[in-house]
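This note's numbering puts the first residue of the sequence shown at 4, with every later residue one more than the last. From the three backbone atoms N, C-alpha and C, an ideal C-beta is built for every residue, glycine too. Please read all numbers here as calculations on a predicted model, not as lab measurements. Report on one structure; see the data block that follows.
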Amino acid sequence: MTELSMTERLPSFPFPTEEALAPPAEWAEFRAKCPVAKVTLASGDEATLITRYADVKSVLSDPRFTRPTPTDKAARVADTESGGVFNSEMAGVIPQHGEAHLKWRRMLGKWFTAKRMNALRPRMEAMAVQLIDEMVAKGGPADLKAGLAFPLPVWVICDMLGVPDTDRERFAHWSDVMLSMTRYTQAEFDVAQAEFGRYMGGHIAAKRAEPGEDILSALITDTDGDWSDALLVATGIGLLIAGHETTANMIAKMVAMLLEDRSRWEALLADRSLIRTAVEESLRMDANAGIGMSRYLTEEFEVGGTTLPAGTTAMCSMAAANRDDDAFEGAADMTLDRSPNPHLAFGAGAHACLGQPLARTELQVVLGVLLEKLPTLELAVEAADLRKVEGLAVGGLRELPVRW
Numbered sequence: 004m005t006e007l008s009m010t011e012r013l014p015s016f017p018f019p020t021e022e023a024l025a026p027p028a029e030w031a032e033f034r035a036k037c038p039v040a041k042v043t044l045a046s047g048d049e050a051t052l053i054t055r056y057a058d059v060k061s062v063l064s065d066p067r068f069t070r071p072t073p074t075d076k077a078a079r080v081a082d083t084e085s086g087g088v089f090n091s092e093m094a095g096v097i098p099q100h101g102e103a104h105l106k107w108r109r110m111l112g113k114w115f116t117a118k119r120m121n122a123l124r125p126r127m128e129a130m131a132v133q134l135i136d137e138m139v140a141k142g143g144p145a146d147l148k149a150g151l152a153f154p155l156p157v158w159v160i161c162d163m164l165g166v167p168d169t170d171r172e173r174f175a176h177w178s179d180v181m182l183s184m185t186r187y188t189q190a191e192f193d194v195a196q197a198e199f200g201r202y203m204g205g206h207i208a209a210k211r212a213e214p215g216e217d218i219l220s221a222l223i224t225d226t227d228g229d230w231s232d233a234l235l236v237a238t239g240i241g242l243l244i245a246g247h248e249t250t251a252n253m254i255a256k257m258v259a260m261l262l263e264d265r266s267r268w269e270a271l272l273a274d275r276s277l278i279r280t281a282v283e284e285s286l287r288m289d290a291n292a293g294i295g296m297s298r299y300l301t302e303e304f305e306v307g308g309t310t311l312p313a314g315t316t317a318m319c320s321m322a323a324a325n326r327d328d329d330a331f332e333g334a335a336d337m338t339l340d341r342s343p344n345p346h347l348a349f350g351a352g353a354h355a356c357l358g359q360p361l362a363r364t365e366l367q368v369v370l371g372v373l374l375e376k377l378p379t380l381e382l383a384v385e386a387a388d389l390r391k392v393e394g395l396a397v398g399g400l401r402e403l404p405v406r407w
């Protein structure tokens, strides 16, 4: 058997699904029979898929391994020549190892503390109310993703960065292109990266001349010139993409999951104290989370009884791990009061999502305001007919039709 034919027989990852809210059957099969498995990515490159909770947490928490950088010979996520945003030159600008990475995280982490999020909460609530009122005024049925789930996180992260949210359609396009696995060409990726870079570079130049009360201004002034323009641009773009794309998708998926079974929505209407745990359970139950997190193994590593050689690209499926019965009792059931809930939706270890306090706050705010303003909210289509976002590294719904 030739090497090519062997590669062709490997499963393709991510696994396809027919329904947007249902997990692929392969997750359970792989956890049970082949928790450390070779797969092919959209690029055709081979990677090793990790699906059990303990194994995913072990790989993500190991300080020796980080996201692949352009200098690594890692498997490419996208079907383009460069392999997508995770293998791009821009991604390589942000330090991934050692003290430089810790310093970078510490500088940004000051902007995503629980205290800062609580201070932002009233403004988030006011914006959510405004967006819902505008959606209701136009009449139903409506697309909750376009009317609320997308514009709210964009407004929040733009406000934090000090850039205008009126450019949100441009951000959405650039983000989609840069997160593409199969949807856009290398030429389109290069154009989007260059345009986004020029845009962010212009804002950074303006902040240097006239600093404001925002993250970009603080990074310029507080680092005493230690951060290059390239690092500032890469950080700004990364925050803008991560700060709106994943949260916008998660808001829509969370609401869809809670409306899929009407008893869940009714339970929340009866007891608003469930909002926090319902948000965490929605994050755990996300069956359409995207490709997960990759790690490049720079040395031999044993996981799940398998020894992986140096040079392996490990694809950690946090979404599959979050449904592991060995980690969660009744893992396949959505339990709104589940506590504790140590899900891996935000990753684990030194590279866990920096913005998770922001995402949690936005999800809690949106859910609370929706319950208050639209208690009769329901899906306007069957849950099985909801359409997935296809071809991107992050999962989501193309739209969320609702009525009230």
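For the pair K60 and M127, the Cα-to-Cα distance works out to about 32 Å.
Here the alpha carbon of A45 sits roughly 14 Å from the alpha carbon of V397. Contact annotation, Q367 with R279: C-beta distance approximately 6 Å; criterion of less than 8 Å satisfied. When beta bridges are read from the DSSP output, S183 appears opposite L395. Here P38 is buried. Its C-beta has 16 or more other C-beta atoms within 10 Å. Looking at D264, L271 and C319, the one whose alpha-carbon comes closest to that of G371 is L271. The DSSP assignment places 39–43 and 49–53 as complete runs of the beta strand (DSSP E) inside the segment 31–92, in order along the chain (cut-off: 3 residues). Under the three-state reduction of DSSP output, S15 falls in the strand class. Shortest Cα-Cα distance from W268 to any of L300, R211, M321 and D340 involves D340. Non-local C-beta neighbours of M138 in its own chain, meaning closer than 8 Å and more than five positions away in sequence, comprise A145, L147, G150 and L151, ordered along the chain.
Rounded to whole angstroms, the separation of the alpha carbons of Y187 and I207 is 28 Å.
For F115, there is no enclosing beta strand (DSSP E), since its DSSP letter is neither H nor E. Per the C-alpha coordinates, the member of C356, F153, S342 and E365 positioned closest to S64 is C356.
Collapsing the DSSP output to three states places L382 in a strand. DSSP places C319 within a strand segment (E or B) once states are collapsed to three. CA-to-CA, the gap between V159 and R326 works out to about 31 Å.
A straight-line Cα-Cα distance of about 14 Å links V96 and L242. Exposed is the label assigned to P125, since fewer than 16 other Cβ atoms lie within 10 Å of its Cβ. In terms of CA proximity to T169, P156 leads the group P156, D179 and V180. Its chain contains T310, L311, P312 and A313 as the residues whose beta carbon lies nearer than 8 Å to that of E303, once the 5 sequence neighbours on both sides are disregarded; these appear in chain order. Sequence-distant Cβ neighbours of E248 in its own chain, meaning closer than 7 Å and more than five residues away, are S178, L182 and V397.
Listed in chain order, the non-local C-beta contacts of A387 below 7 Å within the same chain comprise E22, local neighbours out to five positions each way being set aside. DSSP, read as helix, strand or coil, puts M337 in coil. Here DSSP, grouped into helix, strand and coil, assigns P360 to helix.
The secondary-structure analysis by DSSP pairs A145 across a beta bridge with V405.
Taking C-beta atoms as the reference points, A50 and T316 count as a pair closer than 7 Å. Apart from the 5 residues on each side of it in sequence, L13 sits with its Cβ closer than 8 Å to the Cβ of K41, V42, T43 and E49 in its chain, given in chain order.
Residue pairing by DSSP puts F304 in a beta bridge opposite L311.
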